[in-house]
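The letter at position 672 of the sequence shown is residue 1736 when you use my numbering, and the numbering goes up by one with no holes. Backbone N, C-alpha and C fix where the C-beta goes; we use that ideal spot for every residue, glycine too. This structure is a prediction, so every number in the text was calculated from the model and none was measured. What follows is a short report on a single structure.
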Amino acid sequence: MADRISDVWGKRTPFAAGESWPLRVDECLAVPQDHVERWVPSACVLCSNGCGVDIAVADGRIVGVRGRAEDRVSHGRLGPKGLFGWQANHSRDRLLHPQLRIDGALRRVDWNTAMSAVTERSRAVLADHGPHAMGFYTGGQLFAEESYAQALIARGGIGTPHLDGSTRLCSATAERALIESFGSDGAPGSYTDIDHCDTLFLVGHNVAETQTVLWSRMLDRLHGPDRPGLVVVDPRLTATARAADVHLAVRPGTNVALLNALLHELIDNDRTDQAFLDDHTTGYAELARTVADYPVERAAEICGVPAHLIRRAAQLIGTAHRLVSTVLHGVYQSHQATAAAVQVNNIHLVRGMIGRPGATVFQMNGQPTAENTRETGASGALPAHLNWRNDAHVRRLADHWNIDEHRIRTCSPPTDALEIFRRCESGSIRFLWITGTNSAVSLPELRRVRAILKADGLFLVVSDAFPTETTELADVVLPTALWGEKTGCCTNADRTVHLSHKAVDPPGEARTDFAILLDYARRMRFTDRAGRPLLAWHKPEDAWNDFIALTKDRPCDQSGLTYERLRGSSGVPWPCTETAPDGTERRYTDHVFATAADHCEDYGHDLATGAPHEPHAYRAHDPAGRANLKAAHHLPPHEPPDETYPLCLTTGRGVYHWHTRTKTARVPELNDAEPELWVELHPDDAHGRDIADGDLVRVTSRHGAIEAPVVLCGSRPGVVFVPFHYGYFDRSHPNRHDRAANELTGTAWDPISKQPVYKVTPVRLAKVADADADTSAGAPKRTARNVK
Ligand SMILES: Nc1nc2c(c(=O)[nH]1)N[C@H]1C(S)=C(S)[C@@H](COP(=O)(O)OP(=O)(O)OC[C@H]3O[C@@H](n4cnc5c(=O)[nH]c(N)nc54)[C@H](O)[C@@H]3O)O[C@H]1N2
Ligand SMILES: Nc1nc2c(c(=O)[nH]1)N[C@H]1C(S)=C(S)[C@@H](COP(=O)(O)OP(=O)(O)OC[C@H]3O[C@@H](n4cnc5c(=O)[nH]c(N)nc54)[C@H](O)[C@@H]3O)O[C@H]1N2
Ligand code: SF4
Ligand SMILES: [Mo]
């Protein structure tokens, strides 16, 4: 049996450029092989990589998993979470019954009572305050069919623009950056581009810990006969950074300055593809003018990295023939998120490195179904990449749903997550239904979030499979089925769609989100223009068929991707149509992008001000299939470190835990690997503060404080790292709020993607107790494997 705890990436299977990634099948079984009654095809939902997996079933229970050898994403591999995470389904404290708050306490009730409470309050709020008093906040772990049902209910049934997902915290910038440059969301390339590339450029993406199977693919190239060059931009010396030829440990929040300097070098050294620029892009003159202001020495000073390393990185990128770049939260969760992410697209465009094998840019996703929330319209967009400002698109959606256009027509973009919570705070939203996201741990500025969710004026419904910090604050708690207990589709970060089949029944009275949403729609009597039920579906496949029909001729065309086509497959990348029944590995191979005014998903924004471009202005200069090069100047973070808060906090992930640990804390292998919070600190910052490795420290920001033992490691001096996985549900004293990273973060966002800033918060730090003191934290030290 594979051990992905001590050996996270497993045995190397090196390969050369152009070869196929060798197979390696990872398996974890709790019973002998011959006790397995069936293997049920599925895909892992513990990150956006979406590795194909078969679920082993015996006696009506999940008893293990095995990577699917034929899977186009994983070639059989599974990482630590994929291999062990399934055990969370069996946790003894799963929510088994609906609960309703009665006299201040949550009490067990039957489904009819719970759903009647939800629908009665919905009707009352709608009657008294109208549809804009209703809000829905969902997550990137539901299946596509469930997200689509959410979108149809909120936008078509209720008629509220206040529907967003925790994908806003996750991949809103990926969506935005792709639209700004290429006119539509969805990755241009394929994971197979890693098999062909000669250079990898990873920006703010700790792929070794956050997409371990993707990193295995990269590592196998790095260990192969023609090792690609590797440039990593990350303030911390992560496992990813340790493998790099050039590691640029930038000061947090300075990505734009660095990327502009790289563009400056490419242009100065004639590393551009002029024919590509002339034929397939707009905006080059403005970009060249802007980056002219960023000579390497200036960026070196802003970013706090040696100039010669920036030059070396520019040389590697500038001489690459096949460049693959990836971008994630070191860029997205920052104040200039979209502006920076777009500069990575620009690097590819000025070099003509897109739309051919080995040349692409991944604006990465994080959550397993982030792509689906975006495509189905559950995350601040209309479904099927339809443009909310394009009248013809709005009409098309209204006709497809057979509803009046005015229900879905708005004069502002669909509301973003932070704005939904602000509206709850101000009292304008009075009913909020949270599905599949643990807001009381994952949103920034938790003290404020708790106050918002607790407020008397807000009726809070929470659908989850476990008791969480968020369910605790709810008026109604609905117990849900988990992955493995339901059927549905998910789309990974390279557009690969997998169909996951139900392997076992959910425990107790738990129901699928799909069934709950259908029940709600039926009770609310949502109807279409003809008076027929708005959600006339019985099973997930019905919803999927409705969705794929809507995507026809849109950039994310999946009209050929029926369940029939997906069944038993090893994953199919969209577009998948009648003429491309096997899907599409690589988009934009003809270098015609989705920017044409009638086709594009949005008219884009001014990167400097965040102001949206007006439809008529866009049409007047219709890029008509050319990619947009958009320039931006560096701006300092809103809240830089100062005398009171001299250190810069950055938050993120460790390899073993998933988000707020509702699953991974319930898996012995994963929890034991990293059972407690830790704080990473550079030895230089420890000295003056009399702090030694393992000492208990208190980290304080303007918003709150946390306590945890320190791990001294080679991060950049001045930078403190805290994982955001640890909340309070598994604590003996849950009312002490001194463990979640988001006690420290403030409410700030990127002006274009509206993604919160989690990576730059000024803090101060002080010792609380020596390492060997007997403290209440009693924290075991973090395993040194991946930080030292
Ligand atoms: N094990 C595990 N894997 C996961 C998840 C998980 O919870 N656990 N979650 C999944 C999800 S939803 C997501 S979104 C992804 C996130 O995946 P990643 O983005 O890879 O993860 P993070 O740790 O949030 O941040 C990445 C890196 O950004 C760096 N960084 C901080 N500030 C800056 C900066 O200013 N510039 C640059 N260039 N880098 C900076 C941090 O040091 C960190 O190493 O992971 C997915 N995979
Ligand atoms: N400080 C800081 N904060 C961050 C980040 C960071 O880097 N730093 N990263 C942000 C990012 S990228 C992300 S993606 C978010 C993640 O934030 P969340 O989405 O809030 O995190 P999860 O723990 O994944 O919450 C998912 C919840 O859904 C439940 N669940 C799982 N499956 C199902 C299902 O099928 N149905 C239902 N109804 N419920 C289900 C789980 O039990 C869990 O409670 O956190 C964000 N917050
Ligand atoms: S890389 Fe992601 S999808 Fe693949 S096994 Fe690991 S957690 Fe699951
Ligand atoms: Mo995420």
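>> Check for me: the beta strand (DSSP E) holding C1554 runs from which residue to which?
In response: That run of the beta strand (DSSP E) goes G1552 to T1555.
>> Does the distance between the C-beta of N1319 and the nearest non-hydrogen atom of ligand 3 fall short of 8 angstroms?
In response: No, the Cβ of N1319 stays beyond 8 angstroms of every heavy atom of ligand 3.
> According to the neighbour-count rule (16 or more other Cβ atoms, all chains shown, within 10 Å of its Cβ), is G1716 buried or exposed?
Replying inline: It is buried - the Cβ of G1716 has at least 16 other Cβ atoms within 10 Å.
>> Tell me which residues share the same chain as W1150 and place their Cβ nearer than 6 angstroms to its Cβ, disregarding the 5 neighbours each side in the sequence.
In response: The residues are I1126 and V1129.
> When we look at the beta-carbon of I1484 and count the other beta-carbons within 10 Å, is it buried (16 or more) or exposed?
Replying inline: buried
> What residues match up with E1771 in a beta bridge as DSSP calls it?
Replying inline: R1762
> With distances taken from each beta carbon to the nearest heavy atom of ligand 4, which residues come in below 6 angstroms, in chain order?
Replying inline: C1234, G1430 and Q1431
>> Can you give me the C-alpha to C-alpha distance between S1398 and T1673, rounded to a whole angstrom?
In response: 16 angstroms
> Which residue from L1330, M1428, A1272 and M1588 puts its Cα closest to that of T1302?
Replying inline: A1272
> How big is the Cα-Cα spacing for V1561 and Y1212?
Replying inline: About 15 angstroms.
> Beta-carbon separation of R1240 and I1816 under 9 angstroms?
Replying inline: yes
> What residue does the alpha helix (DSSP H) around W1608 start on, and which one ends it?
Replying inline: P1604 to L1614
> Cβ of Q1275 within 8 angstroms of any heavy atom in ligand 3?
Replying inline: For Q1275, the CB falls within less than 8 angstroms of some heavy atom of ligand 3.
> When the Cα of M1588 is compared with those of V1761, K1075 and V1189, which residue comes out closest?
Replying inline: V1189
> What is the rounded straight-line gap between the Cα of P1078 and the Cα of D1284?
Replying inline: 4 angstroms
>> Please state the DSSP three-state secondary structure of V1505.
In response: helix
> In the stretch 1332-1407, which residue ranges form an unbroken beta strand (DSSP E) of at least 3 residues, counting only runs that do not cross its ends?
Replying inline: You should have 1387-1391.
> How about F1788 and N1806: are their beta carbons less than 9 angstroms apart?
Replying inline: yes
> Which one of R1803, A1658, I1493 and P1619 has the shortest CA to CA distance from H1344?
Replying inline: That would be A1658, whose Cα lies nearest to the Cα of H1344.
>> Tell me which residue opens and which closes the alpha helix (DSSP H) that Q1427 is part of.
In response: That residue, Q1427, is in no alpha helix (DSSP H); its beta strand (DSSP E) goes T1424 to Q1427.
> Okay, do the stretch 1702-1718 and the stretch 1824-1837 touch, 3+ Cβ pairs below 8 angstroms being the bar?
Replying inline: yes
> Of the residues P1370, V1763, R1306 and W1452, which one's Cα is nearest the Cα of A1750?
Replying inline: Closest in C-alpha terms to A1750, from the list P1370, V1763, R1306 and W1452, comes V1763.
> With 16 as the cutoff for other CB atoms within 10 Å, does K1518 come out buried or exposed?
Replying inline: Answer is exposed; the Cβ neighbour count stays below 16.
> Where does C1911 land, buried or exposed, given buried means 16+ other C-beta within 10 angstroms?
Replying inline: Since the displayed the chain opens at 1065 and closes at 1852, residue 1911 lies outside it and no answer follows.
> Given that a residue counts as buried once 16 or more other Cβ atoms are within 10 Å of its Cβ, and exposed if not, what is L1160?
Replying inline: L1160 should be labelled exposed.
> Rounded to the nearest angstrom, how far is the Cβ of Q1819 from that of T1237, given a contact under 8 angstroms?
Replying inline: 5 angstroms
> What residue from G1199, R1766, V1406 and P1571 has the CA that sits closest to L1546's CA?
Replying inline: It is P1571.
>> Rounding to the nearest angstrom, what Cα-Cα distance links F1340 and H1412 in this structure?
In response: Taking the straight line joining both Cα atoms gives about 11 angstroms.
>> By alpha-carbon positions, which one of I1770, T1728, D1736 and A1434 ends up nearest to V1743?
In response: I1770
>> What ranges does the alpha helix (DSSP H) occupy inside the stretch 1098-1148, keeping only unbroken runs of at least 4 residues that lie completely in it?
In response: 1144-1148
> What is the DSSP secondary structure of D1228, counted as helix, strand or coil?
Replying inline: strand
>> Which of the three DSSP states is assigned to D1528 in this structure?
In response: Of the three classes helix, strand and coil, the one that applies to D1528 here is strand, per DSSP.
> Using 8 angstroms as the threshold, is the stretch 1171-1187 in touch with the stretch 1547-1557, meaning 3 or more CB pairs across them?
Replying inline: no
> Ordered along the chain, which non-local residues of its own chain (more than five positions away) have a Cβ less than 6 angstroms from that of G1288?
Replying inline: P1078, F1079 and A1080
> Can you give the beta carbon distance from G1116 to V1137, rounded, assuming they're within the 8 angstroms contact cut?
Replying inline: About 6 angstroms separates the two Cβ atoms, so the contact holds.
> Does the separation of the CB atoms of Y1627 and E1605 fall below 9 angstroms?
Replying inline: Yes, the pair counts as a contact, with Cβ atoms nearer than the cut-off.
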